Structure formats: C-alpha cells, structure tokens
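Okay, so here's the structure we're looking at.
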Amino acid sequence: MNYFYSAVLISVIFLVACSTSQELTYRPVDSKDLWNIRIERGSVSGQFEVYIDDEIVFEETPDMFNDRIDEKTTYKNYPLRLLVNKETDFWGGEEYNLQLFINNELVTQMKY
Numbered sequence: 000m001n002y003f004y005s006a007v008l009i010s011v012i013f014l015v016a017c018s019t020s021q022e023l024t025y026r027p028v029d030s031k032d033l034w035n036i037r038i039e040r041g042s043v044s045g046q047f048e049v050y051i052d053d054e055i056v057f058e059e060t061p062d063m064f065n066d067r068i069d070e071k072t073t074y075k076n077y078p079l080r081l082l083v084n085k086e087t088d089f090w091g092g093e094e095y096n097l098q099l100f101i102n103n104e105l106v107t108q109m110k111y
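In numbering that gives the first Met the number 0, the protein residues as written are 0 to 111.
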C-alpha cells in the first residue's frame, strides 16, 4: 500500500515540475484593475500564448531561422512586449527564456 501512495506522490510532483503554464496577477501602477495573466506553452516547440483576463494577447512561435520572438502590442492602452530567446543548455537541449513586459516593466521571466 505504501508503494501505491509513493507512486501517486511522485506522479503529482512530476506533473507539477513539468507544468506548461504560469499564472500571476498584475495591477498597473495608475489603475485599480487587477489583471489575471496566464502564460501557456503551445503545442509547437517554442510556441507561447499569453492571456490577460482570458483574452489572448500574444500567440507567438519563433521562426526557424531566428529562434527569437520580440512582439509588441497594447492592452487597455498599456504597452506589452513579449521577448523569447531560444537557448541551448549544457547538454545541448533546447530551452526558451521568456520575458513579459507591461508598461516597460518586467512582470515575469521564466525558462521552459
């Protein structure tokens, strides 16, 4: 019976460690609105989707020649910028460094 619970616990830890999305909240300095931001990794390698209050604001994939995303848009008159750089880790594997800026302020940075 203990083996069963150990297997379930290890599975849960693995699923959390391999999570493909991040959620956070953000409030612009001059606003009372609280934004719910969700960043998800897409089904294609290097594809990222950014949602604010369940509205998609970015759906981007690096092109195969550049391996970089640098996209800009606005949301409720605030400038948004998504930067994604493809990097190679020590063992030769691919990982993506993602940065999200709102109103020229770094809101989050993560690696996938």
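Positions of the beta carbon are idealized from the N, C-alpha and C atoms, including for glycine. Treat the numbers as computed from the prediction; the structure is a model and nothing was measured.
Rounded to whole angstroms, what is the Cα-Cα separation between residue i and residue j?
i	j	result
V49	E39	6 Å
C17	F47	Residue confidence is low: C17 scores 47 on pLDDT, short of 50, so the model does not pin down where it sits. No coordinate-derived value is stated.
E94	K85	6 Å
I51	W34	6 Å
F13	I36	Annotation note: pLDDT 40 at F13 (below 50); position unreliable, coordinate value reported separately. The alpha-carbon atoms of F13 and I36 are separated by roughly 24 Å.
M109	Q21	9 Å
D29	D66	35 Å
T72	V43	22 Å
Y111	F89	15 Å
Where does residue i sit, in a helix, a strand or coil, going by DSSP?
i	result
P78	strand
R37	strand
N103	coil
Q21	strand
D69	strand
V43	coil
V28	coil
F57	strand
Indicate whether residue i and residue j have their beta-carbon atoms separated by less than 8 Å.
i	j	result
N96	V83	yes
V56	Y74	yes
E70	E54	no
Thinking residue i and residue j are a contact (beta carbons under 8 Å), I'd like their distance in whole angstroms, please.
i	j	result
L23	T87	Between T87 and L23 the Cβ distance is about 27 Å, and since that is not below 8 Å, they are no contact.
L105	L81	The pair is not a contact, with the Cβ atoms about 12 Å apart (cut-off 8 Å).
Can a CB atom of chain D be found closer than 8 Å to the CB of residue i?
i	result
I38	The structure shown contains no chain D, having only a single protein chain.
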